[in-house]
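Let me begin by presenting the structure, written as structure tokens, before commenting on it.
2 protein chains.
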Amino acid sequence: MERFISCISVLGVLLAASFCQHAEAGKLRFSSDGQFKIVQVADMHYADGAHTKCLDVLPEEMATCSDLNTTAFQWRMIKQEHPDLVVFTGDNIFQRDSSNATASLIAAFAPVIEARIPWAAVLGNHDQEGHMTREEVMAFIVKMDYSMAQMNPNFLHGDRTTIDGYGNYIIEVEGPAGSMFENKSLLNLYMVDSGDYSFIPQVSYYDWIKSNQQVWLQQASAEIQVPQFPSALLNLRPRPELLDESMHLKAYRGVKPRPQTKAASALAFHHIPIPESFTTPNASNLGEKNEASGSPSLNSGFLTTLITMGDVQAAFTGHDHLNDYCGAADGPLFLCYSGGFGYHAYGKAGWPRRSRVITAYLNGNAASWDDVSHIQTYKRLDDDGFTKIDEQTLYTNYVLSPE
Amino acid sequence: MERFISCISVLGVLLAASFCQHAEAGKLRFSSDGQFKIVQVADMHYADGAHTKCLDVLPEEMATCSDLNTTAFQWRMIKQEHPDLVVFTGDNIFQRDSSNATASLIAAFAPVIEARIPWAAVLGNHDQEGHMTREEVMAFIVKMDYSMAQMNPNFLHGDRTTIDGYGNYIIEVEGPAGSMFENKSLLNLYMVDSGDYSFIPQVSYYDWIKSNQQVWLQQASAEIQVPQFPSALLNLRPRPELLDESMHLKAYRGVKPRPQTKAASALAFHHIPIPESFTTPNASNLGEKNEASGSPSLNSGFLTTLITMGDVQAAFTGHDHLNDYCGAADGPLFLCYSGGFGYHAYGKAGWPRRSRVITAYLNGNAASWDDVSHIQTYKRLDDDGFTKIDEQTLYTNYVLSPE
Numbered sequence: 001m002e003r004f005i006s007c008i009s010v011l012g013v014l015l016a017a018s019f020c021q022h023a024e025a026g027k028l029r030f031s032s033d034g035q036f037k038i039v040q041v042a043d044m045h046y047a048d049g050a051h052t053k054c055l056d057v058l059p060e061e062m063a064t065c066s067d068l069n070t071t072a073f074q075w076r077m078i079k080q081e082h083p084d085l086v087v088f089t090g091d092n093i094f095q096r097d098s099s100n101a102t103a104s105l106i107a108a109f110a111p112v113i114e115a116r117i118p119w120a121a122v123l124g125n126h127d128q129e130g131h132m133t134r135e136e137v138m139a140f141i142v143k144m145d146y147s148m149a150q151m152n153p154n155f156l157h158g159d160r161t162t163i164d165g166y167g168n169y170i171i172e173v174e175g176p177a178g179s180m181f182e183n184k185s186l187l188n189l190y191m192v193d194s195g196d197y198s199f200i201p202q203v204s205y206y207d208w209i210k211s212n213q214q215v216w217l218q219q220a221s222a223e224i225q226v227p228q229f230p231s232a233l234l235n236l237r238p239r240p241e242l243l244d245e246s247m248h249l250k251a252y253r254g255v256k257p258r259p260q261t262k263a264a265s266a267l268a269f270h271h272i273p274i275p276e277s278f279t280t281p282n283a284s285n286l287g288e289k290n291e292a293s294g295s296p297s298l299n300s301g302f303l304t305t306l307i308t309m310g311d312v313q314a315a316f317t318g319h320d321h322l323n324d325y326c327g328a329a330d331g332p333l334f335l336c337y338s339g340g341f342g343y344h345a346y347g348k349a350g351w352p353r354r355s356r357v358i359t360a361y362l363n364g365n366a367a368s369w370d371d372v373s374h375i376q377t378y379k380r381l382d383d384d385g386f387t388k389i390d391e392q393t394l395y396t397n398y399v400l401s402p403e
Numbered sequence: 001m002e003r004f005i006s007c008i009s010v011l012g013v014l015l016a017a018s019f020c021q022h023a024e025a026g027k028l029r030f031s032s033d034g035q036f037k038i039v040q041v042a043d044m045h046y047a048d049g050a051h052t053k054c055l056d057v058l059p060e061e062m063a064t065c066s067d068l069n070t071t072a073f074q075w076r077m078i079k080q081e082h083p084d085l086v087v088f089t090g091d092n093i094f095q096r097d098s099s100n101a102t103a104s105l106i107a108a109f110a111p112v113i114e115a116r117i118p119w120a121a122v123l124g125n126h127d128q129e130g131h132m133t134r135e136e137v138m139a140f141i142v143k144m145d146y147s148m149a150q151m152n153p154n155f156l157h158g159d160r161t162t163i164d165g166y167g168n169y170i171i172e173v174e175g176p177a178g179s180m181f182e183n184k185s186l187l188n189l190y191m192v193d194s195g196d197y198s199f200i201p202q203v204s205y206y207d208w209i210k211s212n213q214q215v216w217l218q219q220a221s222a223e224i225q226v227p228q229f230p231s232a233l234l235n236l237r238p239r240p241e242l243l244d245e246s247m248h249l250k251a252y253r254g255v256k257p258r259p260q261t262k263a264a265s266a267l268a269f270h271h272i273p274i275p276e277s278f279t280t281p282n283a284s285n286l287g288e289k290n291e292a293s294g295s296p297s298l299n300s301g302f303l304t305t306l307i308t309m310g311d312v313q314a315a316f317t318g319h320d321h322l323n324d325y326c327g328a329a330d331g332p333l334f335l336c337y338s339g340g341f342g343y344h345a346y347g348k349a350g351w352p353r354r355s356r357v358i359t360a361y362l363n364g365n366a367a368s369w370d371d372v373s374h375i376q377t378y379k380r381l382d383d384d385g386f387t388k389i390d391e392q393t394l395y396t397n398y399v400l401s402p403e
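For the protein sequence lines, the chains are A and B, in the order given. If you're matching positions, the first sequence starts at 1 in full-length UniProt numbering and goes up one per residue. If you're matching positions, the second sequence starts at 1 in full-length UniProt numbering and goes up one per residue.
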């Protein structure tokens with residue numbers, strides 16, 4: 001509701017229908033053409049804007065290159081792709097080189113906010129390396145305009161009421177306005193904090209997604225996937241026709257659902273890749289593997305959790321700037337890198353910064369939109385031609401004869 | 001208390017002091033010489049006793065070999081080793097070949113019960129392959145005489161009140177009677193159900209230890225490791241000298257503790273090995289690796305959990321009858337196989353059935369027992385010489401100048 005009011009007050013009578021249609025009361029929904037497009041921005045490493053030099057660009061580019069090139073690339077993606085959501089997968093700022101962390105955060109996310117595009121973020125391992133803690137950085141992100149980020153769920157396990165990390169939350173994308181699914185999620189986005197560094201002295205390098213985060217995610221996913229009958233609602237307006245078909249109901253979450261034969265699709269986003277992201281067979285990969293993975297040296301079982309959940313079609317990470325491939329793991333479930341986006345992040349001179357685009361399409365047509373039919377992805381290179389590469393399908397669920 | 005009464009009533013005036021000293025009120029404790037010895041029995045595959053033939057023994061042994069050889073081997077281990085506890089690590093019975101599962105269970109555990117030795121068990125993947133479910137098998141085991149097994153903890157997470165599997169429990173081994181630690185655990189045994197078969201169609205083979213079991217175990221371990229001050233107790237009998245030293249208190253759990261500088265040691269037992277059991281470097285192994293591992297095809301993060309817990313020195317599994325090595329994994333933490341014990345289980349003719357012995361020793365002396373100083377292990381082969389092999393140290397924490 002806060003976001004809704006903010007949307008009205010900021011835009012007033014000049015209200016941009018395209019955004020507020022998507023974001024009423026903080027909601028996201030598929031557009032009227034049955035599509036939902038996400039742009040992934042990995043590893044901006046934003047610091048002090050014009051004062052922050054680039055890393056690993058060509059010698060002739062160095063003199064004029066700064067964080068502003070990262071800003072320009074974000075604008076370029078927005079104008080070219082018109083995303084419904086931008087997901088920043090961590091290392092959004094490089095706080096070690098930032099003279100003012102909140103200023104860096106404001107500058108880093110300025111384009112999506114100015115463009116009034118809903119956005120979400122998870123933390124990387126560099127976001128907190130300064131005066132602001134991980135909790136403070138995420139609390140700030142949660143409050144920024146058009147941010148869909150949330151801190152953590154109130155999740156009761158044992159005698160604790162929350163889970164590890166900051167910024168573990170779920171974004172639901174509902175059906176197109178006016179459709180039978182306008183109050184039901186058709187695509188769930190699982191945002192997970194993969195931590196920063198190992199806290200165990202004898203285990204080196206990077207952190208991992210903890211068991212308690214995984215239990216929460218499994219339970220949240222299971223809740224989303226099974227039929228739910230809010231009794232108060234049913235009392236107000238009995239819908240016996242839904243009860244009769246309860247065996248076929250999946251992902252019932254709203255007030256005006258139609259029985260579905262499949263649960264909603266889901267995608268996961270986190271910063272540090274899991275070990276299997278790197279060991280995934282190359283044969284099924286589309287993209288490049290140019291560096292050893294910075295995945296944790298321990299396997300905390302997150303792939304097993306994603307597969308067990310059953311609704312996740314792909315997980316998207318950052319962290320390794322020179323890896324940008326998508327490969328199929330067990331499940332089948334795609335594990336995808338995006339490749340580095342930011343100019344103050346390490347990279348490879350002559351190998352353009354890049355961004356991943358992910359689009360989900362619905363079965364059916366304007367008369368009757370149904371569940372997700374397929375999910376596609378490709379990348380854009382920040383080169384002269386704004387080259388589109390590596391288009392591939394991550395999931396198919398075509399219904400040949402929609403009702 | 002139930003076990004205490006049972007102990008009295010069964011044994012009456014002939015009460016075997018050696019057992020009831022260890023097991024008063026269902027408690028286990030280090031003996032007066034500061035030692036606690038565990039015999040591990042892996043994969044008995046017990047069925048119908050004399051009517052059940054052996055697998056993979058020498059041709060000349062086949063005619064007279066049956067489940068009774070497994071029984072005889074169990075008696076031989078008891079008489080040779082005088083264990084304080086026998087741990088059965090699953091596939092205790094092979095229910096598929098059993099005409100009466102409860103009879104198989106009674107026969108399988110008969111020696112330890114008759115010898116009045118406390119014992120514990122976890123389930124394997126073959127225990128339930130008949131009329132009795134996993135839950136029923138474990139419920140039966142829990143109620144058997146001298147069994148230390150428990151079903152599951154009441155563990156609240158989300159809106160559920162228990163965890164996956166049957167037979168997830170902790171056995172505490174307290175200090176020697178009359179010592180300062182007679183009411184405090186010095187060695188915790190974590191018993192975990194590793195399930196049976198993958199429940200996900202596209203994931204083949206064996207099951208894995210779930211995230212919710214791991215969250216429970218981490219929390220239980222953390223509770224055991226931090227100081228606890230039962231307020232009711234403190235009100236009855238204030239002990240300000242303990243409060244003053246609270247920064248040094250570890251693993252405070254009883255009514256008469258002494259401040260310790262280290263948490264209790266811990267060992268884990270489960271049936272199906274984790275993937276790292278097999279990928280552990282051979283260089284540090286002592287024992288044989290004669291078959292590919294039947295570990296799950298997915299990694300559910302259990303090693304990460306064990307390492308995170310910080311108190312676990314080794315994990316002991318069965319399942320792969322022809323592997324009997326102990327190898328060091330990250331942590332450092334030893335992952336140990338036992339090798340097959342049962343004659344109706346597959347094996348290798350001429351390669352004797354075997355059993356692992358694990359002994360924990362305390363620092364200090366009879367005047368002042370302290371925490372665990374070291375943990376040793378070796379195996380016994382069921383051959384003519386009852387050969388003892390592969391003795392090795394799994395953990396050292398020697399205090400050179402005990403108080």
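Every residue gets a Cβ at the ideal spot worked out from N, C-alpha and C, and that includes glycine. Note that the structure is predicted; figures quoted are calculated from it, not measured.
Exercise. Count the other C-beta atoms from every protein chain shown that fall within 10 angstroms of the C-beta of S355/B, then say buried if there are 16 or more, exposed otherwise.
Key: S355/B is classed as buried because its beta carbon has at least 16 other beta carbons within 10 Å across all chains shown.
Exercise. Taking 8 Å as the cut-off, decide whether the C-beta atoms of L189/A and Q313/A are in contact.
Key: Their beta carbons are not under 8 Å apart, which means L189/A does not touch Q313/A by this criterion.
Quiz item: In the stretch 289-367 of chain A, which residue ranges form an unbroken alpha helix (DSSP H) of at least 4 residues, counting only runs that do not cross its ends?
Solution: Along the stretch 289-367 of chain A, the alpha helix (DSSP H) occurs as fully enclosed runs of 4 or more residues at 302-309, listed in sequence order.
Quiz item: Does DSSP classify Y395/A as helix, strand or coil?
Solution: In the structure shown, Y395/A sits in a strand (DSSP, three-state: E or B).
Practice problem: My understanding is that G327/B touches L333/B, with C-beta atoms under 8 Å, so please give their C-beta distance in whole angstroms. | Solution: Not a contact, Cβ separation roughly 10 Å.
Quiz prompt | Coarse secondary structure for H131/B, derived from DSSP in three states | solution = DSSP places H131/B outside both helix and strand once states are collapsed to three, so it counts as coil.
Quiz item: Roughly how many angstroms separate the alpha carbons of S6/A and E114/A, rounded to a whole number?
Solution: For S6/A, the pLDDT reaches just 39, beneath the cut-off of 50, and the residue's location in the model is therefore unreliable, although a value from the coordinates is still provided. Rounded to whole angstroms, S6/A to E114/A spans 14 Å at the Cα level.
Self-check item: Closer than 8 Å at the beta carbon, the chain A residues around D67/B
Solution: Residues of chain A passing the Cβ test: none, with the nearest at roughly 36 Å.
Practice problem: Taking I106/B as the reference, give the member of P59/B, E223/B, A47/B with the closest Cα. | Solution: The residue among P59/B, E223/B, A47/B with its C-alpha nearest the C-alpha of I106/B is A47/B.
Exercise. Please name the residue, chosen from N397/B, T377/B, E391/B, F386/B, that lies closest to residue 457/B on a Cα-to-Cα basis.
Key: Outside the shown range of chain B, which is 1 to 403, sits residue 457/B, and nothing can be said about it.
Quiz item: How would you list, in chain order, the residues of chain A whose beta-carbon sits under 8 Å from the beta-carbon of I272/B?
Solution: Neighbours of I272/B in chain A, taken as residues whose beta carbon is under 8 Å from its own, are absent, since the nearest beta carbon is some 13 Å off.
Quiz prompt | Beta-carbon proximity of I38/B to P83/B, cut-off 8 Å | solution = The answer is yes: Cβ separation under 8 Å.
Quiz prompt | Straight-line gap, G385/A to A263/A (C-alpha atoms, nearest Å) | solution = Looking at the two C-alpha atoms, the distance is approximately 39 Å.
Quiz item: Between the stretch 205-218 of chain A and the stretch 299-310 of chain A, do three or more beta carbon pairs fall short of 8 Å?
Solution: Touching, yes.
Self-check item: Three-way DSSP call (helix, strand, coil) for M62/A in this model
Solution: When DSSP states are grouped into helix, strand and coil, M62/A belongs to the helix group.
Self-check item: Under 8 Å between C-beta atoms of H126/A and D91/A
Solution: Closer than 8 Å, so yes.
Self-check item: Backbone secondary structure at R116/A - three-state DSSP
Solution: In the structure shown, R116/A falls within a coil segment according to DSSP collapsed to helix, strand and coil.
Practice problem: Could you work out which residue in G347/A, K348/A, L306/A, G339/A is closest to A329/A when comparing CA atoms only? | Solution: Ranking G347/A, K348/A, L306/A, G339/A by Cα distance to A329/A puts L306/A first.
Quiz prompt | Close Cβ partners of F109/B (< 7 Å) along its chain, the five nearest in sequence each way excluded | solution = Non-local C-beta neighbours of F109/B in its own chain, meaning closer than 7 Å and more than five positions away in sequence, comprise W119, M144, ordered along the chain.
Quiz item: What in chain B is Cβ-close to N212/A, meaning under 7 Å?
Solution: Contact annotation for N212/A against chain B: V215 [CB-CB distance below 7 Å, chain order].
Practice problem: Taking only the alpha-carbon atoms, compute the straight-line gap between S297/B and V357/A and give it to the nearest angstrom. | Solution: Their backbone Cα atoms lie some 31 Å apart in a straight line.
Self-check item: Residues within the stretch 293-322 of chain B neighbouring chain A, beta-carbon criterion of under 9 Å
Solution: Answer in chain order: P296, S297, L298, N299, S300, G301, F302, L303, T304, T305, I307, T308, G310.
Quiz item: What residues from the stretch 178-205 of chain A come within 7 Å of chain B, judged by C-beta to C-beta, listed N to C?
Solution: Result list: I200, Q202, V203.
Quiz prompt | Selection from I272/A, V87/A, Y337/A, S373/A that minimises the alpha carbon distance to Y205/A | solution = The shortest C-alpha to C-alpha distance from Y205/A to any of I272/A, V87/A, Y337/A, S373/A is the one to I272/A.
Quiz item: Closest Cβ-Cβ distance between G331/B and chain A: below 8 Å?
Solution: Chain A, which has a Cβ nearer than 8 Å to the Cβ of G331/B, makes this yes.
Practice problem: Please compile the residues from chain A whose C-beta is within a distance smaller than 7 Å of the C-beta of Q218/B. | Solution: Neighbours of Q218/B in chain A, taken as residues at a C-beta separation under 7 Å, are given in chain order as S211.
Quiz item: What residues in its chain sit with their C-beta under 8 Å from that of E174/B, if we drop five residues either side in the sequence?
Solution: Result list for E174/B: K27, L28, R29, F30, F181, E182, N183, K184, S185, L186, G254, in chain order.
Quiz item: Are the beta-carbon atoms of T371/B and L362/B separated by less than 8 Å?
Solution: It is worth fixing the name first, because residue 371/B is Asp in this sequence and not Thr. In contact: D371/B and L362/B (Cβ atoms closer than 8 Å).
Quiz item: Shorter than 8 Å from the beta carbon of W119/A to some beta carbon of chain B?
Solution: Not an interface residue.
Quiz item: Among the residues of its own chain, which have a CB less than 7 Å from the CB of V399/A, if the five just before and after it don't count?
Solution: N363, D370, S373, listed in sequence order.
Exercise. Give the straight-line distance between the Cα atoms of T70/A and I78/A, rounded to the nearest whole angstrom.
Key: In this structure, the straight-line span from the alpha carbon of T70/A to that of I78/A is close to 13 Å.
Self-check item: Assigned exposure category for S338/A - 16 Cβ within 10 Å defines buried
Solution: Only buried fits S338/A, as 16 or more other CB atoms lie within 10 angstroms of its CB.
Self-check item: Helix, strand or coil at E276/A [DSSP, three-state]
Solution: Collapsing the DSSP output to three states places E276/A in a helix.
Quiz item: Short check: CB of D324/A to CB of S293/A, under 8 Å?
Solution: No. Outside cutoff.
Quiz prompt | Members of the stretch 337-355 of chain B near chain A, C-beta cut-off 8 Å | solution = If the cut-off is 8 Å between Cβ atoms, the stretch 337-355 of chain B has nothing near chain A.
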